[in-house]
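What follows is a single structure, written as structure tokens, with notes after it.
In our numbering, the protein residues as written are 13 to 236.
Listed below in structure tokens is the structure:
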């Protein structure tokens, strides 16, 4: 048996260290997931050679609405929002088809990337007052999904941002899917999901589905 050369020994040691490092990272990731699920404090990141190492980022498909304080506010006022939506009579909506290739999706904008759409906000003063109380608001508006519509999977990455849909008109046979997870909208309830994920939506009913769309920023560490 040939003796092991010093260079080979160094390679073996480096491979062993790399394996142990990834095992420690995997243990941290699993512990973080379980801690979040059980509502316990998250563990500290592993420190390798005395300094924190970058860890793979895990983002959930859907997030518990109970974790965001503004949800109670908008859910408590959903009928007020619905009444202003009905007064619009579908005026002021524009199709997303041209800009985002989403046939069957129409949007009435209130805020776009932090910019207030003054004319539209004047038509919906109570809804505007409501969304302006949401911390770190990015965009907001009424999002309509036409009957017999299935949107193509799409992605709109905005760093450290989540989607919130407040259900306003939610017929049966509507849903949203991210990876293998499907959810449905409910009137007066918020559905929060990852802004960066590939997702698709459908409405197989004979009525439009309408939600109040809210995009808001959150600290990056809360997206783990």
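Each residue gets a CB set at the ideal place from its N, CA and C atoms; glycine is no exception.
- Fewer than three beta-carbon pairs drawn from the region 124 to 132 and the region 77 to 85 are found closer than 8 Å, and the two stretches are therefore not classed as touching.
- Rounded to whole angstroms, the separation of the alpha carbons of residue 118 and residue 174 is 20 Å.
- Contact between residue 86 and residue 180 does not hold, since their C-beta atoms are separated by about 11 Å, which reaches or exceeds 8 Å.
- DSSP lists 161, 186 as the bridge partner or partners of residue 215.
- Under the 10 Å beta carbon count, residue 218 is surrounded by fewer than 16 other beta carbons and is classified as exposed.
- In the same chain as residue 229, and ignoring 5 residues on each side of it, the C-beta atoms closer than 7 Å to its own belong to 148, 150, 172, 173, in chain order.
- Look at residue 136 here: in three-state DSSP terms it is coil, with no helix or strand label.
- Each residue's CA atom was taken as its position, placing residue 98 and residue 222 some 11 Å apart.
- In chain order, 92, 96 place their CB closer than 7 Å to the CB of residue 138, counting only its own chain and leaving out the 5 sequence neighbours on each side.
- In the three-state DSSP reduction, residue 125 falls in the coil class, being neither helix nor strand.
- Residue 215 counts as buried, since no fewer than 16 other beta carbons sit within 10 angstroms of its beta carbon.
- A Cβ-Cβ contact shorter than 9 Å links residue 152 with residue 227.
- By the Cβ-count criterion, residue 176 is buried, with 16 or more other Cβ atoms from all chains shown falling within 10 Å of its own Cβ.
- Ranked by Cα distance from residue 213, the first of 200, 191, 186 is 186.
- Per the C-alpha coordinates, the member of 203, 120, 130, 199 positioned closest to residue 183 is 199.
- Between residue 89 and residue 135 the beta-carbon gap is near 17 Å, outside 8 Å, which marks them as no contact.
- Exclusion of the five residues before and after residue 155 leaves 119, 223, 225 as the residues of its chain whose Cβ lies within less than 6 Å of its Cβ.
- For the options 121, 206, 105, the alpha carbon positioned closest to that of residue 140 is the one of 121.
- Short of 6 Å from the beta carbon of residue 75, and not among the five residues preceding or following it, lie these beta carbons of its own chain, in chain order: 204.
- By the Cβ neighbour-count rule, residue 146 is buried, with 16 or more other Cβ atoms within 10 Å of its own.
- Counting C-beta atoms within 10 angstroms of its own C-beta, residue 202 has 16 or more neighbours from the protein chains shown and is therefore classed as buried.
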